[in-house]
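Worksheet: the structure to be examined is printed underneath.
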Amino acid sequence: MKSNENGFTLVELMSVIIVTGIFVTVIMFFMFNFWTSGYLMEADLDTFVSRLNAEDYIRNTVGESSGLINQNSIPDANTENVDPANGSGNYWIPIHAVPGNTPVGSPGTTTPLLYFRRYSQDNTGAFIMNGNQHYDDEYVFYLNGSTKQLLARTLANPNASGDRLKTTCPPNLATSTCPADKVISSFIASVDTRYFSRTGNLVNFQSIWDPNINGYAGPDFAAVDVLELTLNLTTKPVFQKTNATVNNTIIRIALRNT
-10 MKSNENGFTL VELMSVIIVT GIFVTVIMFF MFNFWTSGYL MEADLDTFVS RLNAEDYIRN
50 TVGESSGLIN QNSIPDANTE NVDPANGSGN YWIPIHAVPG NTPVGSPGTT TPLLYFRRYS
110 QDNTGAFIMN GNQHYDDEYV FYLNGSTKQL LARTLANPNA SGDRLKTTCP PNLATSTCPA
170 DKVISSFIAS VDTRYFSRTG NLVNFQSIWD PNINGYAGPD FAAVDVLELT LNLTTKPVFQ
230 KTNATVNNTI IRIALRNT
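Going letter by letter, the sequence shown gives residues -10 to 247 in our numbering.
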């Protein structure tokens, strides 16, 4: 008497395993592509938002400045890039109106980008005056190599009574009386700078070499009426081996020089 045998043959079992493997591979392929596209879109959106926020802040702040400067005159107790010619350690290294590209530095470094003055204001928005002259606060834009960010250090004028601006500090040293430097933009790779006169001529401190002083003697920040900044942003989304998201934004501002 023969027994009734039920079940899969070896060929049938192998066929099921192969078909199942094909379906799993196809599903995982599409899911991986879906995840990759999602993270890429998220990275694009992050850089887009960062660019918009940077444009608003820079236009509002620099656009109301009273001029670009070579170095801060208000002492900064937390100077990142100290002027080696000044033993106090309270002044950032001087910079000049030289068009070019400033890359973000390596981790642990900072790079000054721009210094400028802005009228001191009280809580009502009124200018704080010293007789017929207004007081000025000062700003320092710098790049942080560790966080790949463009930040703003604000230096409130200590003589401007009622100044609504507060002096800021590096984020790791921030307190209730010295808030953290403002993050203008994240994902920064580099910043291009160009400077123009009111007539549209390019201002370049290195355009003239004076053999009498053995140094450059071209027009400097005092001659700048229009500032152009190009923020170059890049980031590496999840599942990407390279910085697949690359964006830039050009910000051109007419300065309110006096």
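Even glycine gets a Cβ: it sits at the ideal position worked out from N, Cα and C.
Nothing here was measured: the structure is a model prediction, and the numbers come from that model.
Going by the beta-carbon positions, is the gap between residue i and residue j smaller than 8 angstroms?
i      : j      : result
Glu44  : Thr224 : no
Glu69  : Tyr128 : no
Ser109 : Asp126 : yes
Val51  : Ile197 : no
Arg107 : Ser165 : no
Ala145 : Lys155 : yes
Thr249 : Thr182 : Within the shown structure, residues of the chain are numbered from -10 to 247, placing residue 249 beyond reach of any answer.
Can you name, in chain order, every residue of its own chain whose Cβ lies under 8 angstroms from the Cβ of residue i, other than the five neighbours on each side?
i      : result
Lys171 : Tyr46, Leu140, Ala141, Thr143 and Thr157
Thr14  : none
Closest by CA to residue i, which one among the options?
i      : options                         : result
Pro64  : Glu53, Ser77, Gly56 and Leu102  : Ser77
Asn59  : Thr219, Ile6, Asp199 and Ala86  : Ala86
Gly134 : Val192, Trp198 and Thr100       : Thr100
Gln195 : Asn203, Pro159 and Thr188       : Asn203
Ser62  : Asp199, Thr14, Val192 and Pro83 : Pro83
Tyr184 : Thr98, Asp209 and Thr91         : Asp209
Gly56  : Phe105, Tyr205 and Gly10        : Phe105
Met118 : Asn148, Thr98, Leu103 and Gly97 : Asn148
Ala66  : Thr136, Asn193 and Tyr80        : Tyr80
Arg189 : Pro96, Leu244, Asp199 and Ile11 : The identity of residue 189 in the sequence shown is Gly, whereas the question assumes Arg. Nearest of Pro96, Leu244, Asp199 and Ile11 to Gly189, Cα basis: Leu244.
Leaving out five residues before and five after residue i in sequence, what residues of the same chain have Cβ atoms less than 7 angstroms from its Cβ?
i      : result
Gln138 : Val172, Ser174, Ser175 and Ile177
Leu187 : Reading off the sequence shown, one finds Arg at residue 187, where the question assumed Leu. Excluding positions up to five away in sequence, the list reads Asp214.
Gly94  : Thr100, Leu132 and Gly134
Arg48  : Ile240 and Ile242
Gly207 : Asn193, Phe194, Gln195, Ser196 and Ile197
Ala212 : Ser186 and Val192
Suppose the cutoff is 6 angstroms on Cβ atoms and the five residues either side in sequence are ignored; what does the same chain contact list for residue i look like?
i      : result
Asn112 : Arg153
Gly3   : Before going on, a small fix: residue 3 reads as Met here, not Gly. Closer than 6 angstroms at Cβ, skipping near neighbours: no residue.
So, under 8 angstroms CB-CB, residue i and residue j are touching, yes? Tell me the CB distance rounded to an integer number of Å.
i      : j      : result
Leu218 : Val180 : 6 angstroms
Pro88  : Leu191 : 7 angstroms
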